[in-house]
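Trainee:
Residue numbers (my numbering): 49 to 309.
#1: Please determine if the segment 271-286 and the segment 150-164 are in contact, where contact requires at least 3 C-beta pairs separated by less than 8 Å.
#2: Is residue 75 closer than 7 Å to residue 312 when the C-beta atoms are compared?
#3: Given a cut-off of 7 Å, decide if residue 144 and residue 120 are closer than it, judged by their beta-carbon atoms.
#4: Under the three-state reduction of DSSP, which class applies to residue 72: helix, strand or coil?
#5: Going by C-alpha to C-alpha distance, which of 247, 94, 299 sits closest to residue 224?
#6: Please look up how many angstroms separate the CB atoms of residue 216 and residue 209, rounded, as I've assumed it's under 8 Å.
#7: DSSP three-state label for residue 85, please.
#8: Please classify residue 238 as buried or exposed, where buried requires at least 16 other C-beta atoms within 10 Å of its C-beta.
#9: May I ask you to report which of helix, strand or coil DSSP gives residue 257?
#10: How many angstroms separate the CA atom of residue 171 from the CA atom of residue 124?
#11: Which residue from 108, 95, 131 puts its Cα closest to that of residue 63?
#12: Taking residue 90 as the reference, which of 281, 118, 110, 138 has the closest Cα?
#13: Would you give the residue range spanned by the beta strand (DSSP E) that residue 143 belongs to?
#14: Please report the distance separating the alpha-carbon of residue 200 from that of residue 275.
#15: Between 246, 107, 281, 96, which has its C-alpha nearest residue 291's C-alpha?
#16: Would residue 230 be called buried (16 or more neighbouring beta carbons within 10 Å of its own) or exposed?
#17: May I ask you to list the residues that DSSP assigns as paired with residue 230?
#18: Checking 7 Å against the spacing of the C-beta atoms, do residue 88 and residue 140 come in under that value?
#19: Using CA coordinates, which residue listed in 85, 78, 79 is at the minimum distance from residue 71?
#20: Consult DSSP for residue 305 and reduce its assignment to one of helix, strand or coil.
#21: Would you check if the distance between the CB atom of residue 227 and the CB atom of residue 301 is smaller than 7 Å?
#22: In angstroms, rounded to a whole number, what distance separates the CA positions of residue 205 and residue 150?
#23: Which residue comes first and which comes last in the beta strand (DSSP E) that contains residue 60?
#24: When burial is assigned at 16 or more other CB atoms within 10 Å of the CB, is residue 102 buried or exposed?
#25: Roughly how many whole angstroms lie between the Cα atoms of residue 187 and residue 117?
#26: Can you tell me whether residue 152 is buried or exposed? The criterion is at least 16 other CB atoms within 10 Å of its CB, across all chains shown.
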């Protein structure tokens, strides 16, 4: 059974990068440091949902992903923050946010230094095509090397269909053309085998268990036309349909790789 711990954020340390999402390194009451993704940032709750689903699906497939936790900010947090933009972000993020364990000393994945075997590359290309993750490119690999191993981070740009709920029935049946830009596509020579392997691991029960991790509180104002349970049903239906009909995105990935080689 998958369990997500909850921590209380005690100190804002530093923002990680510029931009709308403004994730930050922060300390929590368990003594560890985390990379916090804030509900009040750019894409809001939907980015946190994508992060949670994408990260836990990757873990099911055997990839290393930093521990994901729910990170709570109380109303007093951030009052002493001198940066006005950050203070506004923290005020807008009171309540439950999402965070990943901070891998101190990790370095950004460099294909010239770290070689990824065809099996691993193929499984990751498959996963990113499944969840329509547009953010695993040479420009922004969202992979780290830590203690000699490959770690996956930042799935917040995945499942982008949820920015337009009315089109989810069409979106789930659509190939993922942006897979052509995947940083590991050239090494992904075992996509058919990866398809068989991944579909055995992501069962309907396991997928539903991951979907149920989404806090109902996040989904209260998600879309006025849907209840939290209906939102969860849509996420499940979108991903499960694509797993059952993986030829939708598998052929696109195979053809895109053939065009590169």
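Backbone N, C-alpha and C define an ideal beta-carbon position, used for all residues, glycine too. All values derive from a computational prediction rather than experimental measurement.
Mentor: Taking the structure as given:
#1: no
#2: Summary: the structure shown does not reach residue 312, with the chain confined to residues 49 through 309, and so no result is reported for it.
#3: yes
#4: strand
#5: 299
#6: 5 Å
#7: strand
#8: buried
#9: helix
#10: 43 Å
#11: 131
#12: 138
#13: 143-149
#14: 31 Å
#15: 246
#16: buried
#17: 185
#18: yes
#19: 85
#20: helix
#21: yes
#22: 20 Å
#23: 54-63
#24: buried
#25: 27 Å
#26: exposed
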